[in-house]
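These notes concern the structure reproduced below.
Residue numbers (the UniProt record's numbering): 1 to 139.
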C-alpha cells in the first residue's frame, strides 16, 4: 500500500494480496484519523460481506471467491470507546455482471484498490444499542 495526504483528503493505493480493512486501519492509526468517510473501487479475489438480520440482532456472513470488480465501497471511520472503528459496505460484481454485497468483513485485493478517505475534523464515538443490536453513532 501507498498513500498520500492532501490536506483533509488521503488518496491510497492498496496492492495485490493486501486486505482492505487492515490497510484502512493502518492509515487511520498512522494519520490519527478519528472521523472520515471512505470511497473506493478496484478488483478483489475474496471477500466476506454480511447482512444484519434486525429481528435476530445478528449478522449473517456470505463468503465469495473468484474475480470481482468493486462496484462500490463506501463507509466511515469513527471511534468506539476512543479506539479505531471502521464501518464499510461493499458491492462487487463477477464476470457475469452479478453483484453481491453487504457489510464488509474482509476483502483481499487481486489487482489494485483505489481509495479516497476524506478526513472530517471532529470525533463521533459509537455505543452499542441493546434495542437495535448495533454500534451506533453517539452524539
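Every residue, glycine too, gets a C-beta built ideally from N, C-alpha and C. Nothing here was measured: the structure is a model prediction, and the numbers come from that model.
Below 8 Å between beta carbons: does that hold for residue i and residue j?
{"i": "residue 100", "j": "residue 43", "result": "no"}
{"i": "residue 10", "j": "residue 40", "result": "no"}
{"i": "residue 110", "j": "residue 76", "result": "no"}
{"i": "residue 108", "j": "residue 19", "result": "yes"}
{"i": "residue 140", "j": "residue 27", "result": "Look at the range of the chain in this structure, 1 to 139, and you will see that residue 140 is not part of it."}
{"i": "residue 89", "j": "residue 97", "result": "no"}
{"i": "residue 84", "j": "residue 29", "result": "yes"}
Does residue i come out as helix, strand or coil in the three-state DSSP assignment?
{"i": "residue 15", "result": "strand"}
{"i": "residue 29", "result": "helix"}
{"i": "residue 35", "result": "coil"}
So residue i is in the beta strand (DSSP E); what residue range does that whole segment cover?
{"i": "residue 71", "result": "58-80"}
{"i": "residue 115", "result": "99-119"}
{"i": "residue 125", "result": "125-129"}
{"i": "residue 83", "result": "83-93"}
{"i": "residue 135", "result": "134-138"}
{"i": "residue 55", "result": "Per DSSP, residue 55 belongs to no beta strand (DSSP E) and is neither H nor E."}
With a 10 Å radius around its C-beta and 16 neighbouring C-beta atoms as the bar for buried, classify residue i as buried or exposed.
{"i": "residue 47", "result": "buried"}
{"i": "residue 24", "result": "buried"}
{"i": "residue 68", "result": "buried"}
{"i": "residue 78", "result": "buried"}
{"i": "residue 104", "result": "buried"}
{"i": "residue 53", "result": "exposed"}
Across which residues does DSSP place residue i in a beta bridge pair?
{"i": "residue 46", "result": "65 and 108"}
{"i": "residue 20", "result": "In DSSP, residue 20 forms no bridge with anything."}
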